[in-house]
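Engineer: Quick note: the sequence shown uses the numbering used here, first residue 230, plus one each step. Even glycine gets a Cβ: it sits at the ideal position worked out from N, Cα and C. Okay, handing you the structure first.
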Amino acid sequence: MRQVPSDEKHLPLWRLFDLILQHLTLQATVQGMSDVEEAFASTIDMDEILTRLHTHCDYERLENDMERMKEELDQERVRAMELDNRIADLNDGRDSISSRISNISSSPSDPCPSLSPLPPICPPATAPPPPPPPLVLGVIKSNETQKRVPKPSGPLKSFNWIKLTESKVKGTAWEFIEDEKMYKQLDLDDVATTFASSSQKEEDTDFYSTISRRTRDTQVSVIDPRRYQNCTIMLSKLKLSHREIRTALLAMDDKGKLPKDMLEQMLKFVPSKEEVTLLRSAVNRHSSPSVLALADRYLYEMAQIPRFEPRLRSLYIIRTFQERFDCLTPHIQSVTKASSAISSSKKFKQLLALVLALGNHLNYGKRNGNAFGFDLTSLNRLSDVKFSHRSDRTLLHYVLQVVENRLPELGKLRRELAAVYDAARYNRNEVLAEIRSLEQGITAVRSELTFMKEGAYQEQISQDPTDEEWKKV
230 MRQVPSDEKH
240 LPLWRLFDLI
250 LQHLTLQATV
260 QGMSDVEEAF
270 ASTIDMDEIL
280 TRLHTHCDYE
290 RLENDMERMK
300 EELDQERVRA
310 MELDNRIADL
320 NDGRDSISSR
330 ISNISSSPSD
340 PCPSLSPLPP
350 ICPPATAPPP
360 PPPPLVLGVI
370 KSNETQKRVP
380 KPSGPLKSFN
390 WIKLTESKVK
400 GTAWEFIEDE
410 KMYKQLDLDD
420 VATTFASSSQ
430 KEEDTDFYST
440 ISRRTRDTQV
450 SVIDPRRYQN
460 CTIMLSKLKL
470 SHREIRTALL
480 AMDDKGKLPK
490 DMLEQMLKFV
500 PSKEEVTLLR
510 SAVNRHSSPS
520 VLALADRYLY
530 EMAQIPRFEP
540 RLRSLYIIRT
550 FQERFDCLTP
560 HIQSVTKASS
570 AISSSKKFKQ
580 LLALVLALGN
590 HLNYGKRNGN
600 AFGFDLTSLN
610 RLSDVKFSHR
620 SDRTLLHYVL
630 QVVENRLPEL
640 GKLRRELAAV
650 YDAARYNRNE
660 VLAEIRSLEQ
670 GITAVRSELT
680 FMKEGAYQEQ
690 ISQDPTDEEW
700 KKV
C-alpha cells in the first residue's frame, strides 16, 4: 500500500481524509444521519476528486521516472563520448601505422630490388605429437571424481558461486550430501525454460562490461574534482566529441556546431598553466592521452590548439556581437533622440537663460558671478537656495513662479521634451560599460586577425609538425 507523505504539497489530501473521518464519527454517534446529504452530493463529485488524486499521483510518479531517466541519459552520454574518443584514438593510431608502412614500402632509398621471397623451410618429417587428453564438460581430466550432472538442452544462465573442490569438502557437511539424487525431483525442462540464456546477449553484456571496467580502471584525472565534475556536465550538454570540438574551433565554427551559451561555458574551462603541466606529465607517463578521464582529455586537447583562449574568446565575441548590438541600439537611439530634442528646443533655452540670469544676479560681485553658462547638474541645486522669509520655499519655486506669471509659454516644455523622459529610463553607466565592452571586443578580434595575418601561427605550427588538422586549416 502506498503511503501519502505528510508535507505541505499533500495537505489537501489530508484535509479530505480528516473530513471523511469526521463524517464517519458523526454518522456513528448521531442517530438518523444519512451517509451523504443530497445537497452535498449534488455539489461535490467524489469520483472526480478521486480521479484527480490518482492523476496527481501518477503525474508525480512519471515525473520522478523522467528525472531518473534524464540522469541515466546524461551518464550514457558521458560513456558514449568516452568511447568515441577511444575509437578516435584507435583510428589515429591505425592511420599513423598505415602511413608509416606505406612510406617504408614505397621508399626509393633501397637501391637493390626486392628479391622473391624464399620458400619456407620444411621441418624434418617426424612423428606427430601425441594428442591432448580428452575433455569432459570443458575441463581437463584430473584426479577429482566427476559428478553425474545431466547435460542441459540449451545454454543456461550462470550461477556465480564460490566453488569448493573435492579435497576441500572432506570433513565438512558437504562430504555426505547426495546432490545427484535431487535431479529426480527437478523438472529439468522447466529449469531450461526458466533460466534460458542467449549466448549472444551474454557475449554483448560481457563485451560492454569489459569496456566499462577497462574505462574505469584506466582513467586518470589530475585536475580539481569539482572542476572535473562541472566540466563533465558541460561536455554532456555539448554532445560533441573532443575531435569535433577541436575541428570546430580550428575552423572558427563555420558550421555553427558550438552554441553561444556553450561558448560562454567553455570560457570557464580554459586550461591553466598548472593544469597543462600536470596533464602533459600524465600523458608522458602513460605514453598516450587515451588514459585521461573525460574532462582531463578535453582540457588536454584544447591545450594543443594554438592560442586557444584568444581564439575561443574571439569566436564568442563574433557570435554574440550582433545580439548585444541589437540590445544596445534602442538605448542609443533613445538618447540620441532626447539630445536632438533638447538641442532644438527654444523653450528649454529660454528656461536656461532664466536660470542663468537669476544666478548671475545672485552672484553679482562674487567669485561665481559673471558666468556665461553652468553645468546642467547645477539645476539640482536650485532647491538649496531658500527664501529669506520662508524656509519652505526655494529658488526652484521662484523660477516656477516666474514661468507661470511672466513666461507661460514655457509651461509646454514638458511636451516638447517627452523623448527625454523616455531616455531617462536607461542607466547611463550600464550603457557606457556595454559600449566599452563592445569596443574592447572589436579591438581583441582585430588584434587576433593581425596576429594571424603576420604569420605568427606558422611559427607555432612548426613547433608541432604532427598537428595535421591545424596545418589543413
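Check whether the Cβ of Ile474 lies closer than 8 Å to any Cβ atom in chain B.
Structural biologist: Among the protein chains of the structure shown there is no chain B, as only one such chain exists.
Engineer: Check Lys615 in the structure and name its three-state DSSP category.
Structural biologist: Position 386 of the sequence shown, counted from the first residue, corresponds to residue 615. In the structure shown, Lys615 sits in a strand (DSSP, three-state: E or B).
Engineer: Identify which residue in Pro379, Leu629, Val632 and Ala653 has its Cα closest to the Cα of Ser563.
Structural biologist: Within the sequence shown, the letter at position 334 stands for residue 563. That would be Ala653, whose Cα lies nearest to the Cα of Ser563.
Engineer: Any contact between the region 615-632 and the region 536-556? By contact I mean 3 or more CB pairs, one from each, below 8 Å.
Structural biologist: No, the region 615-632 does not touch the region 536-556.
Engineer: State the DSSP-derived secondary structure class of Val451, mapped to helix, strand or coil.
Structural biologist: Within the sequence shown, the letter at position 222 stands for residue 451. Looking at Val451 - three-state DSSP - the assignment turns out to be coil, as it is neither helix nor strand.
Engineer: In chain order, what residues of the same chain lie with their CB nearer than 8 Å to the CB of Val660, ignoring the 5 residues before and after it?
Structural biologist: Here residue 660 refers to the residue found at position 431 when the sequence shown is read from its first residue. Only residues of its own chain outside the window of five on either side were considered, and among them Leu557, His560, Ile561 and Val564 have a CB closer than 8 Å to the CB of Val660, listed in chain order.
Engineer: Counting only the same chain and skipping the five closest in sequence on each side, list residues whose C-beta sits under 6 Å from that of Trp243.
Structural biologist: By 1-based counting over the sequence shown, the position of residue 243 is 14. Correct list: empty, nothing qualifies.
Engineer: Across which residues does DSSP place Thr623 in a beta bridge pair?
Structural biologist: Start at 1 with the first residue of the sequence shown, and residue 623 comes out as number 394. According to DSSP, which records beta bridges pairwise, Thr623 is partnered with Lys615.
Engineer: For Leu487, which of helix, strand or coil comes out of DSSP?
Structural biologist: Within the sequence shown, numbered from 1, the residue matching residue 487 stands at position 258. It is coil, neither helix nor strand.
Engineer: Can you tell which of Ile406, Glu638 and Ala425 has the C-alpha that lies nearest to the C-alpha of Ser382?
Structural biologist: For the purposes of this step, residue 382 is identified with residue 153 of the sequence shown, where counting begins at 1. Comparing Cα positions, the closest option is Ala425.
Engineer: How about Val674 and Ile571: are their beta carbons less than 8 Å apart?
Structural biologist: Position 445 of the sequence shown holds residue 674. Position 342 of the sequence shown holds residue 571. Not closer than 8 Å, so no.
Engineer: Which runs of the alpha helix (DSSP H) spanning at least 4 residues fall entirely within the region 510-582, listed in chain order?
Structural biologist: 523-532 and 537-572
Engineer: Could you please give the first and the last residue of the uninterrupted alpha helix (DSSP H) stretch that includes Glu683?
Structural biologist: Along the sequence shown, one-based indexing puts residue 683 at 454. That residue, Glu683, is in no alpha helix (DSSP H); it is neither H nor E in DSSP.
Engineer: Hey, how far is the Cα of Glu683 from the Cα of His471?
Structural biologist: Within the sequence shown, residue 683 is the residue found at index 454, counting from 1. Within the sequence shown, residue 471 is the residue found at index 242, counting from 1. Rounded to the nearest angstrom, the two C-alpha atoms are 29 Å apart.
Engineer: Short check: CB of Glu645 to CB of Lys576, under 8 Å?
Structural biologist: Start at 1 with the first residue of the sequence shown, and residue 645 comes out as number 416. Start at 1 with the first residue of the sequence shown, and residue 576 comes out as number 347. The Cβ atoms of Glu645 and Lys576 sit closer than 8 Å to each other.
Engineer: Could you please give me the residues that DSSP links to Ala425 through a beta bridge?
Structural biologist: As a first step, residue 425 must be located in the sequence shown, where it is residue number 196. DSSP lists Leu385 as partners of Ala425.
Engineer: First and last residue of the alpha helix (DSSP H) that includes Leu250?
Structural biologist: Numbered from 1 along the sequence shown, position 21 holds the residue referred to as residue 250. Taken as a continuous stretch (DSSP letters only), the alpha helix (DSSP H) holding Leu250 covers Leu240 to Thr258.
Engineer: With a threshold of 16 other CB atoms inside 10 Å of the CB of Glu300, please say whether the residue is buried or exposed.
Structural biologist: The residue given as residue 300 occupies position 71 in the sequence shown. The residue in question, Glu300, is exposed, as its Cβ has fewer than 16 Cβ neighbours within 10 Å.
Engineer: What's the gap between the Cα of Arg657 and the Cα of Gly640?
Structural biologist: Your numbering for residue 657 matches position 428 in the sequence shown. Your numbering for residue 640 matches position 411 in the sequence shown. Distance between the alpha carbons of Arg657 and Gly640 is about 28 Å.
Engineer: In whole angstroms, what separates the C-alpha of Leu478 from that of Asp490?
Structural biologist: The sequence position of residue 478 within the sequence shown is 249, counting from 1. The sequence position of residue 490 within the sequence shown is 261, counting from 1. Roughly 15 Å separates the two Cα atoms.
Engineer: List the whole-angstrom C-beta distance separating Val512 from Tyr529, where the pair is believed to meet the contact cut-off of C-beta under 8 Å.
Structural biologist: Here the question's residue 512 lines up with position 283 in the sequence shown. Here the question's residue 529 lines up with position 300 in the sequence shown. Yes, they are in contact, since the Cβ atoms of Val512 and Tyr529 sit about 7 Å apart, within 8 Å.
Engineer: Among residues of its own chain, excluding the 5 on either side of Arg667, which ones have a beta-carbon nearer than 8 Å to its beta-carbon?
Structural biologist: In the sequence shown, residue 667 corresponds to position 438, counting from 1. This sequence places Leu at residue 667; Arg is not what is there. Here the set comprises Phe550, Arg553, Phe554 and Leu557.
Engineer: If we ignore side chains and look at the alpha-carbon of each, how far apart do Ala532 and Arg509 end up?
Structural biologist: The residue given as residue 532 occupies position 303 in the sequence shown. The residue given as residue 509 occupies position 280 in the sequence shown. C-alpha separation (whole angstroms): 10 Å.
Engineer: Who are the Cβ neighbours of Ala524 in its own chain at under 6 Å, not counting the five residues just before and after it?
Structural biologist: Mapped onto the sequence shown, residue 524 falls at position 295. Answer for Ala524: Tyr457, Cys460 and Thr461, listed in chain order.
Engineer: With H, G and I counted as helix, E and B as strand and the rest as coil, what does DSSP make of Asn592?
Structural biologist: Residue numbering aside, residue 592 sits at position 363 when the sequence shown is read from its first letter. Coil, per DSSP.
Engineer: By a C-beta neighbour count over all protein chains shown, 10 Å radius and 16 as the cutoff for buried, is Val368 buried or exposed?
Structural biologist: Here residue 368 is taken as the residue at index 139 of the sequence shown, counted from 1. For Val368, the predicted model reports a pLDDT of 42, less than 50, meaning its position is unreliable; a value from the coordinates is still stated below. Burial call: exposed.
Engineer: Please classify Asn592: is it buried, with 16 or more other beta-carbons within 10 angstroms of its beta-carbon, or exposed?
Structural biologist: Residue mapping note: residue 592 aligns to position 363 of the sequence shown, counting from 1. With fewer than 16 other Cβ atoms within 10 Å, it is exposed.
Engineer: Is the beta carbon of Val307 sitting closer than 8 Å to the one on Ser465?
Structural biologist: As a working mapping, residue 307 is identified with position 78 in the sequence shown. As a working mapping, residue 465 is identified with position 236 in the sequence shown. A contact, by the Cβ cut-off of 8 Å.
Engineer: Less than 7 Å between C-beta atoms, sequence neighbours within five positions excluded: which residues of the same chain meet that for Asp247?
Structural biologist: Here residue 247 refers to the residue found at position 18 when the sequence shown is read from its first residue. Taken in chain order, the list of residues that qualify is empty.
Engineer: Going straight from the alpha carbon of Asp453 to that of Arg610, what length do you get?
Structural biologist: Along the sequence shown, read from residue 1 onward, the residue named residue 453 stands at position 224. Along the sequence shown, read from residue 1 onward, the residue named residue 610 stands at position 381. Rounded to the nearest angstrom, the two C-alpha atoms are 57 Å apart.
Engineer: Since Lys486 contacts Glu473 with CB under 8 Å, what's their CB separation in whole angstroms?
Structural biologist: In the sequence shown, the residue the question calls residue 486 occupies position 257. In the sequence shown, the residue the question calls residue 473 occupies position 244. Rounded, the Cβ-Cβ distance is 7 Å, consistent with contact.
Engineer: Does DSSP classify Glu480 as helix, strand or coil?
Structural biologist: Along the sequence shown, read from residue 1 onward, the residue named residue 480 stands at position 251. Residue 480 is actually Ala in this sequence, not Glu. Looking at Ala480 - three-state DSSP - the assignment turns out to be coil, as it is neither helix nor strand.
Engineer: When we look at the beta-carbon of Asn599 and count the other beta-carbons within 10 Å, is it buried (16 or more) or exposed?
Structural biologist: As a working mapping, residue 599 is identified with position 370 in the sequence shown. Counting Cβ neighbours within 10 Å, Asn599 comes out exposed, since fewer than 16 surround it.
Engineer: What residue does the alpha helix (DSSP H) around Ala648 start on, and which one ends it?
Structural biologist: Taking the first residue of the sequence shown as position 1, residue 648 is located at position 419. Ala648 -> alpha helix (DSSP H) spans Ala647 to Ala652.
Engineer: Could you tell me the distance, in whole angstroms, from the CA atom of Arg622 to the CA atom of Ser573?
Structural biologist: In the sequence shown, the residue the question calls residue 622 occupies position 393. In the sequence shown, the residue the question calls residue 573 occupies position 344. Spanning the two alpha carbons is a distance of roughly 32 Å.
Engineer: Does the Cβ-Cβ distance between Leu492 and Arg536 come in under 8 Å?
Structural biologist: In the sequence shown, counting from the first residue as 1, residue 492 sits at position 263. In the sequence shown, counting from the first residue as 1, residue 536 sits at position 307. Result no, Cβ atoms of Leu492 and Arg536 do not sit closer than 8 Å.
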